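First the structure, in the form of structure tokens, and then the observations on it.
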Amino acid sequence: MIDSSWNVLLLGGASGVGKSRAAAELARSSGAFVVEFDDVVSAVQRLTTAEQHPALHFFDRIPDTSVLDVDRVVELQIAIADALQPALLGVVDNRLTIDVPAVIEGDYLTPAAAARAVQEGTVIGRDIRAVFLHEGDPEQITANYAAREPNSGLQTHRARVSARYSHWLADQAALHGLPVVPCRPWHDVAARIERALGRATSRA
Numbered sequence: 021m022i023d024s025s026w027n028v029l030l031l032g033g034a035s036g037v038g039k040s041r042a043a044a045e046l047a048r049s050s051g052a053f054v055v056e057f058d059d060v061v062s063a064v065q066r067l068t069t070a071e072q073h074p075a076l077h078f079f080d081r082i083p084d085t086s087v088l089d090v091d092r093v094v095e096l097q098i099a100i101a102d103a104l105q106p107a108l109l110g111v112v113d114n115r116l117t118i119d120v121p122a123v124i125e126g127d128y129l130t131p132a133a134a135a136r137a138v139q140e141g142t143v144i145g146r147d148i149r150a151v152f153l154h155e156g157d158p159e160q161i162t163a164n165y166a167a168r169e170p171n172s173g174l175q176t177h178r179a180r181v182s183a184r185y186s187h188w189l190a191d192q193a194a195l196h197g198l199p200v201v202p203c204r205p206w207h208d209v210a211a212r213i214e215r216a217l218g219r220a221t222s223r224a
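In the working numbering, the protein residues as written are 21 to 224.
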């Protein structure tokens, strides 16, 4: 059992890099709940329309994003993530009303939103941490998708998007002073996340 002092851990990273597996392991080791932010994203998108909140619905009219340039898909993904910042902060606020730690994981957690959540937690005396998993190799992400979604074929374009987005997240996390942890090797990723969080706390 990991003796984790944090109330909320924000675990960000691109699609297909292993966030869900890492979050589950961290939750088991710390007695925390896992909150999948993707569920919140789906709920918010269902409750809104493109007319009401266009930034949340950029992909509605693009069923096949492989027709777009990788950089364009990443631009749209970043725009959606930015639009979701209030939703993320709301989830964090709600989790702080419950006296059980939580790991909130998802693709749409931006370093800017995570840094703001950490700062707001400091103001009210709550320990909110953030860390980002990074995998920059599209071939590895392609293999991850193949293992996770074997009936979907080789998703090379999606993997290139994810790798590019992962690089952006890592760069932005560094700008905000948030730790970035390589996904591999898999066997000790949870322990490496805990060590990175400890180093970040000692520097604060």
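Glycine is no exception: its CB is placed at the ideal position from the N, C-alpha and C atoms. Quantities reported herein were computed from a predicted structural model and do not represent experimental measurements.
Put residue i into one of helix, strand or coil per three-state DSSP.
{"i": "Leu153", "result": "strand"}
{"i": "Gly126", "result": "strand"}
{"i": "Val37", "result": "coil"}
{"i": "Pro205", "result": "coil"}
{"i": "Glu45", "result": "helix"}
{"i": "Phe57", "result": "helix"}
{"i": "Ala70", "result": "coil"}
{"i": "Pro83", "result": "coil"}
{"i": "Thr117", "result": "coil"}
{"i": "Gln175", "result": "coil"}
{"i": "Asp23", "result": "Caution applies to Asp23, whose pLDDT of 49 falls short of 50 and renders its modelled position unreliable; the value that the coordinates give is listed next. DSSP places Asp23 in coil when its eight states are reduced to three."}
{"i": "Gly51", "result": "coil"}
Step through the CB atoms of chain C and report whether any lies within less than 9 Å of the CB of residue i.
{"i": "Val200", "result": "The question asks about chain C, but that chain is absent: this structure has only one protein chain."}
Could you tell me which of the options sits nearest to residue i, measuring between CA atoms?
{"i": "Ala166", "options": "Asn27, Leu29, Val37 and Val28", "result": "Val37"}
{"i": "Pro131", "options": "His187, Phe53 and Pro205", "result": "His187"}
{"i": "Gly32", "options": "Val94, Pro74, Leu189 and Leu174", "result": "Leu189"}
{"i": "Trp26", "options": "Arg41, Ser35 and Ala47", "result": "Ala47"}
{"i": "Gly126", "options": "Ala163, Gly145 and Leu104", "result": "Leu104"}
{"i": "Arg212", "options": "Thr162, His196 and Ala42", "result": "Ala42"}
{"i": "Val55", "options": "Val28, Phe78 and Ile148", "result": "Val28"}
What does residue i pair with, by DSSP beta-bridge criteria?
{"i": "Leu3", "result": "Given a span of 21 to 224 for the chain in the structure shown, any question on residue 3 remains unanswerable."}
{"i": "Val200", "result": "Phe152"}
Could you tell me the distance, in whole angstroms, from the CA atom of residue i to the CA atom of residue j?
{"i": "Leu76", "j": "Val60", "result": "12 Å"}
{"i": "Phe57", "j": "Arg215", "result": "24 Å"}
{"i": "Asp208", "j": "Leu116", "result": "28 Å"}
{"i": "Val181", "j": "Asp91", "result": "7 Å"}
{"i": "Gln175", "j": "Arg81", "result": "20 Å"}
{"i": "Arg204", "j": "Gln160", "result": "10 Å"}
{"i": "Leu88", "j": "Ile100", "result": "16 Å"}
{"i": "Leu192", "j": "Val143", "result": "Just to set this straight, residue 192 is Gln in the shown sequence, not Leu. Those two C-alpha atoms are separated by around 23 Å."}
{"i": "Ala183", "j": "Val200", "result": "14 Å"}
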